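Step one of this worksheet: look at the structure below.
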Amino acid sequence: VLLTACTVVTPSGLSVTPSPTTAPTSIPLDEGDGAGFARQRERMVIETIERRGVTDKDVLNAMRAVPRHLFVPEAERDRAYGDYPLPIGYGQTISQPYIVALMTELLGLKEGDKVLEIGTGSGYQAAVLAHISGIEVYTVEIVPELAESAHERLKSLGYTHVHCKQADGYYGWPAYAPFDAIIVTCAAGQVPPPLVKQLAPGGRMVIPVGEPFGVQSLTLVEKDEDGKVRSRSLMPVRFVPLVRKDESSE
Numbered sequence: 204v205l206l207t208a209c210t211v212v213t214p215s216g217l218s219v220t221p222s223p224t225t226a227p228t229s230i231p232l233d234e235g236d237g238a239g240f241a242r243q244r245e246r247m248v249i250e251t252i253e254r255r256g257v258t259d260k261d262v263l264n265a266m267r268a269v270p271r272h273l274f275v276p277e278a279e280r281d282r283a284y285g286d287y288p289l290p291i292g293y294g295q296t297i298s299q300p301y302i303v304a305l306m307t308e309l310l311g312l313k314e315g316d317k318v319l320e321i322g323t324g325s326g327y328q329a330a331v332l333a334h335i336s337g338i339e340v341y342t343v344e345i346v347p348e349l350a351e352s353a354h355e356r357l358k359s360l361g362y363t364h365v366h367c368k369q370a371d372g373y374y375g376w377p378a379y380a381p382f383d384a385i386i387v388t389c390a391a392g393q394v395p396p397p398l399v400k401q402l403a404p405g406g407r408m409v410i411p412v413g414e415p416f417g418v419q420s421l422t423l424v425e426k427d428e429d430g431k432v433r434s435r436s437l438m439p440v441r442f443v444p445l446v447r448k449d450e451s452s453e
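Each residue of the sequence shown is one higher than the one before, starting from 204 at the first, in my numbering.
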């Protein structure tokens with residue numbers, strides 16, 4: 204389970220998403236992105252992202268542009284722009300829009316950056332990253348069916364500069380390291396050392412850190428130009444855990 208639901212923890216409690224049973228299907232953009240969905244996206248950005256403090260124009264434009272409803276199962280499309288996670292099949296979910304935007308903004312991306320995502324899921328976060336001009340995206344997913352379907356979906360929607368791989372995300376993607384930014388969309392008990400090693404000097408990593416199935420801390424990891432690493436906790440969140448292919452190796 205490499206990519207699953209995440210919600211920001213609020214004082215009223217934690218949000219739990221039921222286990223999904225169906226995966227999203229690919230629909231050509233011109234067939235699936237009607238005016239009604241565009242209006243919903245605009246409302247999503249204004250009411251649930253901008254009003255909560257996300258200000259990066261590139262991130263906001265990406266959230267306005269990427270057709271989130273094409274990254275969820277057809278039965279969930281009417282709910283695609285609500286600020287909550289949704290099931291995408293194989294026990295996985297797509298994260299709520301606000302947390303996608305927030306984590307993307309925290310990366311501090313600039314043109315020419317190379318980004319590694321751990322946990323492709325349906326491909327939505329990768330599409331948001333790829334929509335930012337000049338960004339090269341590498342994404343790793345442990346569930347074979349999701350890895351394959353996300354690759355086909357991203358390709359069909361024109362995100363040709365997203366590179367997909369089916370593998371254990373704990374180890375990152377060393378063949379293309381170092382990365383200017385790393386985003387991890389599942390909780391780890393600690394920051395995986397292979398990912399720290401693959402972070403470029405001056406790079407940033409955003410990752411939820413904490414106990415599985417509980418409250419974790421959204422953590423920003425920064426590596427300075429001399430290779431010194433520092434991290435700081437930003438806010439409480441709840442993600443399901445990063446699960447390894449061989450759990451006994453953790």
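Cβ atoms here follow ideal geometry from the backbone N, Cα and C, with glycine treated the same way. Quick caveat: nothing in here was measured; it's all calculated off a predicted structure.
Taking a contact to mean a Cβ-Cβ separation below 7 Å, would you say residue i touches residue j in this structure?
| i | j | result |
| --- | --- | --- |
| V365 | V340 | yes |
| R435 | L423 | yes |
| L445 | C367 | no |
| F454 | K317 | No information on residue 454 is available, as it lies outside the stretch 204 to 453 that the chain covers here. |
| V262 | E308 | yes |
| R447 | Y374 | no |
| G311 | R407 | yes |
| R246 | R267 | no |
| R441 | V409 | no |
| V387 | I321 | yes |
| G326 | R356 | yes |
| E348 | Y287 | no |
| L289 | I297 | yes |
Who are the Cβ neighbours of residue i in its own chain at under 6 Å, not counting the five residues just before and after it?
| i | result |
| --- | --- |
| M438 | L421 |
| E234 | Confidence in E234 is poor, its pLDDT being 46 and thus under 50, which makes the residue's placement unreliable; the coordinate value appears in the next sentence. Excluding sequence neighbours, E234 sits near nothing in its chain. |
| H272 | F240, R280 and A283 |
| P415 | P444 |
| Y362 | A330 and A333 |
| P411 | A390, Q419, L421, V440 and F442 |
Out of the options, point me to the one whose CA is closest to residue i's CA.
| i | options | result |
| --- | --- | --- |
| A350 | R271, Q295 and F442 | Q295 |
| T251 | P300, A241 and I335 | P300 |
| K358 | V409, A333 and R255 | A333 |
| P276 | D286, I291, Q393 and G413 | I291 |
| K260 | G361, P396, A304 and E348 | A304 |
| P397 | S298, A378, P415 and M306 | A378 |
| D371 | A278, P395, D286 and S298 | P395 |
| H475 | D286, A330 and V399 | With the chain represented from 204 up to 453, any question about residue 475 goes unanswered, as that position is not in the structure. |
| G392 | G413, A380 and L402 | G413 |
| K400 | K431, P411 and F416 | K431 |
| L402 | P411, P415, A238 and I385 | I385 |
| G256 | M306, G237 and R242 | M306 |
Check the DSSP bridge columns for residue i and list the partner residues they point to.
| i | result |
| --- | --- |
| H366 | Y341 |
| I321 | V343 and V387 |
Within its chain, find whatever has a CB closer than 8 Å to the CB of residue i; leave out the 5 residues flanking it on each side and keep chain order.
| i | result |
| --- | --- |
| G405 | D383, K426, D427 and E428 |
| S336 | D261 and E314 |
Within its chain, find whatever has a CB closer than 7 Å to the CB of residue i; leave out the 5 residues flanking it on each side and keep chain order.
| i | result |
| --- | --- |
| I338 | L312, D316, V318 and L332 |
| G285 | none |
| W376 | L319, Y341, V343 and K368 |
| V248 | L263, M266 and R267 |
| A380 | Q401 |
Regarding residue i and the ligand NAP, is the C-beta to nearest heavy atom distance less than 6 Å?
| i | result |
| --- | --- |
| M306 | This structure lacks the ligand NAP, and indeed carries no ligand of any kind. |
Ranges of the alpha helix (DSSP H) found wholly within the stretch 382 to 443, counting only runs of at least 4: 396 to 401
Uninterrupted alpha helix (DSSP H) stretches inside the stretch 231 to 318 (no shorter than 4 residues): 232 to 235, 238 to 247, 260 to 268 and 300 to 309
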